[in-house]
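In what follows, a single structure is set out as structure tokens and then discussed.
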Ligand SMILES: C[S@@+](CC[C@H](N)C(=O)[O-])C[C@H]1O[C@@H](n2cnc3c(N)ncnc32)[C@H](O)[C@@H]1O
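In full-length UniProt numbering, the protein residues as written are 1 to 467.
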């Protein structure tokens, strides 16, 4: 882990996917911090660009990021770049020849790729661009199928598909080092998942959450609103032991109505353990329990390295907690129906989040992270609404838009202070710690926004699409 830049530290070009744009920087920062490295962007860093230059890292650092990232596509050792091809040539001629030499050997094979962002080039234009690189001392034979070394010319034509320039804004040339883990998005798609529910978390976002939480091998990770366990799948993929709770008996036991089209009831082995088994991760399964997240069932202590969760927002599932017979405001659901909660009462969104933060402050190890989704009504959203806790530091806050008027925000917090008795008092008396109150009516706002604009039918369609 090189903390100071030596000759082994070079400049790397990270090529990022253009979806989930807001989630990329916290992901890369989290993965760098697992290596003890800060994020050192170049002076002209643009967060929304598909290309980032990273300085003062070793090849091991960038390789390690690529074993986990689902936001970055590939990384290259940057040999040169510029605003024009002639600037690129000048920059490449300045790159130390002794650093190129190991990859330009008579007995090695190579290939040159041309990648263009926001423009498609014809085959002959690509060949022309490759030929124009002949000033570099390439040696050895070209091998397109299985080369020893892959080089890449990358051209950036900007991000506006309606205004594509003739010439690129920026060009880069480098040696390909590694690809990221974008394949996981398809291989772990919930469409092919053994056990799913209406709110199963998308595979890409689940891996992003595990990365924001810096989940690593041998950690113990907890999801208090576990549902069908999508977040446990992602966290165990990185070698963490996983456990969870859900208030719904049917979900935990994998029984009741199926969420799949053309299937009425869940099959005999549709449960969270089987989901982990599907990906060869069963050894990381601790257990899941029927429990209400508003009532703690754990012994005192710093039990979890990370808490990664997607609490209910009341759109596709109700927000409930257990209550005594006296407190019941709604009769219990049909036991063999879609869900089963023994004796339930309303669980206000603001309470869900303040309970979650209090739980994290108590049960996380120091330096452990809480990663969760917070639903927001966009017209009223202000950053001050994000729930706080004296023991938890806000690390990142990324928006995923759900509709013109609603979104959810992925919140990452880190435990940076030991819990003291005085913190509970502060939570009671300091209004900074319960700023989310206004969002209790999220469900009503979610539907009112849709119906106000387009009538009730669209609200129903939107619900269906969400499911
Ligand atoms: C958004 S879903 C989680 C989906 C999950 N991430 C998945 O991929 O399947 C929220 C879950 O919280 C559960 N839930 C609701 N109220 C709860 C409570 N008070 N305690 C524990 N779980 C609760 C619901 O039954 C639901 O399964």
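Backbone N, C-alpha and C define an ideal beta-carbon position, used for all residues, glycine too.
| Query | Result |
| --- | --- |
| Can residue 214 and residue 392 be called in contact, C-beta distance under 7 Å? | no |
| On the DSSP bridge assignment, give the partners of residue 399 in chain order. | 409 |
| Return yes when the Cβ of residue 12 is within less than 7 Å of the Cβ of residue 62, no when it is not. | yes |
| Please list, in chain order, all residues of the same chain as residue 347 whose beta carbon is under 7 Å from its beta carbon, the five residues on each side excluded. | 294, 319, 320, 321 |
| Please report how far the alpha carbon of residue 268 lies from the alpha carbon of residue 378, in whole angstroms. | 42 Å |
| Going straight from the alpha carbon of residue 411 to that of residue 146, what length do you get? | 42 Å |
| Count the other C-beta atoms from every protein chain shown that fall within 10 angstroms of the C-beta of residue 384, then say buried if there are 16 or more, exposed otherwise. | exposed |
| Quick test of the definition: if touching needs 3 or more C-beta pairs under 8 Å, does the segment 351–368 touch the segment 263–277? | no |
| Any contact of the segment 64–84 with the segment 163–181, i.e. 3+ C-beta pairs under 8 Å? | yes |
| Find out if the Cβ-Cβ distance for the pair residue 245, residue 196 is shorter than 7 Å. | no |
| Residue 233 to residue 97, Cα distance in whole Å? | 46 Å |
| Going residue by residue through the segment 239–287, where are the continuous alpha helix (DSSP H) segments of at least 4 residues, counting only ones entirely within it? | 249–253, 272–278 |
| So for residue 227, helix, strand or coil by DSSP? | coil |
| As an exercise, report each continuous alpha helix (DSSP H) stretch of at least 4 residues that is fully enclosed by the segment 346–388, in chain order. | 349–363 |
| What does the alpha-carbon distance come out to for the pair residue 16 and residue 413? | 24 Å |
| By the DSSP assignment, the beta strand (DSSP E) with residue 174 in it spans what residues? | 170–179 |
| Quick check on the burial criterion: 16 or more other C-beta atoms within 10 angstroms. Buried or exposed for residue 217? | exposed |
| Roughly how many whole angstroms lie between the Cα atoms of residue 20 and residue 301? | 35 Å |
| Counting only runs of 3+ residues fully inside the segment 51–139, write out the beta strand (DSSP E) ranges in chain order. | 51–57, 72–82, 109–117 |
| Return yes when at least one heavy atom of ligand 1 lies under 6 Å from the C-beta of residue 350, else no. | no |
| If you draw a straight line from the C-alpha of residue 57 to the C-alpha of residue 38, how long is it? | 10 Å |
| Could you check whether the Cβ of residue 236 sits closer than 6 Å to any heavy atom belonging to ligand 3? | Among the ligands modelled here, namely ligand 1, ligand 3 does not occur. |
| Do you know offhand how far residue 149's Cα is from residue 402's? | 43 Å |
| Going straight from the alpha carbon of residue 496 to that of residue 390, what length do you get? | Residue numbering for the chain in the displayed model covers 1 to 467; residue 496 lies beyond these limits and cannot be assessed. |
| How would you label residue 221, buried or exposed, when you count the other beta carbons within 10 angstroms and need 16 or more for buried? | buried |
| Between the segment 362–369 and the segment 302–310, are three or more C-beta pairs nearer than 8 Å? | yes |
| Any contact of the segment 114–124 with the segment 133–141, i.e. 3+ C-beta pairs under 8 Å? | no |
| Alpha carbons only, please: which of 296, 251, 236 is nearest the one belonging to residue 282? | 236 |
| Can you check which of these residues, 314, 65, 28, 356, is closest to residue 480 by C-alpha distance? | The structure shown does not extend to residue 480, since the chain is modelled only from 1 through 467, so no value can be given for it. |
| Using a Cβ-based criterion (distance less than 6 Å to any ligand heavy atom), does residue 293 qualify as near ligand 1? | yes |
| Going by beta-carbon coordinates alone, are residue 323 and residue 443 separated by less than 7 Å? | no |
| When you compare only the Cα positions, how much space is there between residue 328 and residue 247? | Unreliable positioning characterises residue 328 in this predicted model, as indicated by a pLDDT of 46, which lies under 50. The coordinate reading is nonetheless provided below. When rounded, the distance between both Cα atoms is 15 Å. |
| Should residue 47 go down as buried or exposed, given a rule of 16 or more other Cβ atoms within 10 Å for buried? | exposed |
| So the beta strand (DSSP E) residue 306 belongs to, where does it begin and stop? | 304–309 |
| Rounded to whole angstroms, what's the CA-CA distance from residue 374 to residue 311? Just pull it up for me. | 8 Å |
| Label residue 292 either buried or exposed according to how many other C-beta atoms from any shown protein chain fall within 10 Å of its C-beta, with 16 as the threshold for buried. | buried |
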